[in-house]
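What follows is a short report on a single structure.
Protein chains: 2
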Amino acid sequence: MSEITIKEIANRCGVGVSTVSRAINDHSDINPATKKRIMDVIRETGYIPNNSARNLKRIDAKCIGVLVRGITNPFFTPMIEFIEQETEKKGYALVLRHVEAYENEVDVALELEKEKRLRGIIFLGGSSKHSAEKMKQLNVPVIFATIGSDISDNLSKNAYSTVSVDDELESRKMVDYLISLGHKKIAILTEANEEPSVVKLRLDGYINALKFHDIEVDKSLIKYVDKRIYTMKNGYETTKALIDSGAKFTALFCISDVLAVGALRALSDAGIRVPEDVSVAGFDGQELAEYTIPRLTTIKQPLLDISEETMRLLFDLIEEKRGHKHLIFPGELIEAESTKKIN
Amino acid sequence: MSEITIKEIANRCGVGVSTVSRAINDHSDINPATKKRIMDVIRETGYIPNNSARNLKRIDAKCIGVLVRGITNPFFTPMIEFIEQETEKKGYALVLRHVEAYENEVDVALELEKEKRLRGIIFLGGSSKHSAEKMKQLNVPVIFATIGSDISDNLSKNAYSTVSVDDELESRKMVDYLISLGHKKIAILTEANEEPSVVKLRLDGYINALKFHDIEVDKSLIKYVDKRIYTMKNGYETTKALIDSGAKFTALFCISDVLAVGALRALSDAGIRVPEDVSVAGFDGQELAEYTIPRLTTIKQPLLDISEETMRLLFDLIEEKRGHKHLIFPGELIEAESTKKIN
DNA sequence: CTGTTAGCGCGTTCAC
DNA sequence: GTGAACGCGCTAACAG
């Protein structure tokens, strides 16, 4: 039962611990024969090195950390898969960590950096607005992916990079499109969040588009979901509330595809046809949007581009080839079946 | 940027390291005043204890590990949330780890157990079939949730617990139901997997139900998706292939809800109405099933029951109140809109 | 209540 | 090519 350690292996092989260490870590200066003997014993005994002890000593642990906000959200899955591949290609290990609602992502990162000796950190989701003070403690390169820099104060912009779409612009693009289809009474499903965030930016885009086209912003058409913008339930219930409120609208813009799925269902239940009676649009361009009935008109975030550039930037930063940047990629308006020109 | 350590804090406060340690770990035997002084300095300096070092020493780390197979799969999300709550209630920490396709979950568990000094391990997804030898190395309680014990050899059944539905039975239940609606030509979307697995059990259930009702098993109606049963794309493409094959069927049973979503879309694209022309059924009872159009008939796995019993069992095992068990919960057949009596 | 000290398991010098 | 010894940062046991 007692835990088996490197010492134990060394004893059984009649060698010193450092030799075992060399065998495990693929060092070159070791006799192939002894290495084989050691590896055999390791396999027999089922010995597993203790990671805590390794991390404590190892100075050159090539490891990058990815902190994901919201486990509920399938949106990041394709990005994570790409990041995993690239990380491995570069010979780095990856530590993936979900950040709970009650946790501060930078605190978690700080802790992880010490524990795993991270060489770089990627934040997926969450906010890039953090105290410059704390950010500075993170003394490895940091990149926020899918979160723009508009969200933070200018002071700390050179403390990290961002790779994202321009959420305000993309949101505006979608509302412009709906307006171009003849819609004037456009409702929106969003989250009550006055903090700088992608949510806020998307709402801003909606308001700005309406204003630009001299359409009055009708507060009864702005509906706030309860807390989470990535649950169908919230999309369903908030849409139901919108319908029940008696407000008249010909289009409904949901700031996430997941919300839109709930909206589609709620409209259908109310006997409202999409897109004949009401046009519905989402945001994100998740896989799901291609499989709803009707298919969802949405803004597709270029996740592959974002992921690629994130990794390129991160490794450049690690190798000190260049400084921090703030990159913006254009989203793509996917015109699908859920929106239609108004009669 | 030299890392700041506990020693440094001790120096700055003019106390010993153990006093700092006591302050950090909320020990009772410490002067509140000195504790406050220490905590202040810690806050100022932004000191963060190194987890690796802690894990290395700490003997009583109350920590449980959850290993999740397949990050793509939103199915486990509600379970994870529940497990998190319960773990915290009991004063335990939680380590959540996703297991990649190329990894062996028991190996990962072994590693994690050493690193984090786990007191218990929960596997979500994957297989419970592992060499008894390896399982024995895991010398803390192990529970497989949502995976039945039928999958493993009898020898090692007392080495771990399982909490799940009976996948074969539930699958049979669904096919029985479809037959009761008058369907005889029932196609199935599954995965080519001869290994013992939930996938295999669900296919077995399908075959057994047909046999029981003296319906011939038509191999052209058994369609295998490519690798993953939790992607809509696979559901879509495999259904398309089924349609294109010209095979006649009046019902389509998908062994996951996610596959069924793809199937719904493919049928719709082919001009086949659900449920008028073809009935569609899923399996799992995920949130998504309530939001498709039409709503999906499915087998709802009692995730709350499974989660509750998993946690109860785990803590009982940790406290050595009882031995390993293999619990089966009944699934619930949700009759929704995607299935219909045949004319 | 507090300081000193001995390891936790391993990687890394530095001798040999 | 190999082993002995040191210390990573911390907690726990033991004195005081």
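Residue numbers (our numbering), protein chains in the order written: chain A, 127 to 469; chain B, 127 to 469.
C-beta atoms are modelled at their ideal positions from N, C-alpha and C, and glycine is treated no differently.
What you are looking at is a predicted structure, and each value in this text was computed from that prediction instead of being measured.
No Cβ of chain A is located within less than 9 Å of the beta carbon of B:K133.
Below 8 Å, enough C-beta pairs join the region 381-388 of chain B and the region 317-332 of chain B to call them touching: three or more. With a threshold of 9 Å between beta carbons, B:K255 makes no contact with chain A. For a Cβ distance threshold of 7 Å, residue set L182 of chain A lies close to B:A179, ordered along the chain. Counting of Cβ neighbours within 10 angstroms places A:S275 among the buried residues, the total reaching 16 or more. Rounded to the nearest whole angstrom, the CA to CA distance from A:S178 to B:N360 is 40 Å. Scanning the region 276-319 of chain B from its first residue to its last, the whole beta strand (DSSP E) runs of 3-plus residues come out as 287-291 and 312-317. Within 10 angstroms of the beta-carbon of A:H339 lie fewer than 16 other beta-carbons, which makes it exposed. Annotation for B:L459: no alpha helix (DSSP H) segment contains it, though the beta strand (DSSP E) segment containing it runs E458 to I460. At least 9 Å separates the beta-carbon of A:S287 from that of A:L459. Bridge partners of A:G246 according to DSSP: A:I190. Judged by pairs of C-beta atoms under 8 Å, the region 243-260 of chain A does not touch the region 182-201 of chain B, as fewer than three such pairs exist. Within chain B, L236, E259, K260 and Q263 have C-beta atoms less than 8 Å from the C-beta of A:G172, given in sequence order.
Cβ neighbours of A:L368 within its own chain (closer than 7 Å, five residues either side excluded): A313 and K349.
The DSSP assignment places 189-195 and 219-225 as complete runs of the beta strand (DSSP E) inside the region 175-226 of chain B, in order along the chain (cut-off: 3 residues).
Per DSSP, the beta bridge partners of B:D410 are B:K426. Each residue's CA atom was taken as its position, placing A:P428 and A:Q412 some 10 Å apart. For B:L378, DSSP records a beta bridge to B:A313 and B:V406.
For A:I206, a Cβ of chain B is located within less than 9 Å of the residue's own Cβ.
The DSSP-derived three-state label of B:A392 is helix. For A:A136, the uninterrupted alpha helix (DSSP H) run begins and ends at I132 to C139, by DSSP.
A:V387 reaches chain B at L414, Y417 and T418, counting residues in chain order whose Cβ is nearer than 9 Å. One thing to note: B:G172 has its Cβ within 9 Å of the Cβ of A:K260. At least 9 Å separates the CB of A:E296 from every CB of chain B. Secondary structure at B:I398: coil, using DSSP grouped into helix, strand and coil. Under DSSP, A:L327 takes part in no beta bridge, so it has no partner. Of all residues in the region 354-373 of chain A, only T357, M358, K359, G361 and Y362 come within less than 9 Å of chain B when Cβ atoms are compared, listed by chain position. In this chain, the beta strand (DSSP E) harbouring B:K349 covers I348 to V351. In this structure, the alpha-carbon of A:M300 lies about 7 Å from that of A:I425. In the same chain as A:I305, and ignoring 5 residues on each side of it, the C-beta atoms closer than 6 Å to its own belong to H339, in chain order. Chain order gives the chain A residues near B:H224 as L222, where near means a beta carbon separation below 8 Å. Per DSSP, B:A373 is not a residue of any beta strand (DSSP E), being assigned neither H nor E. Among the bridge pairs identified by DSSP, A:V343 is matched with none. Nearest to B:E446 by alpha-carbon distance, out of B:P267, B:S147, B:R298 and B:T131, is B:P267. A Cβ-Cβ separation of about 5 Å places A:I444 in contact with A:R245 under the 8 Å criterion.
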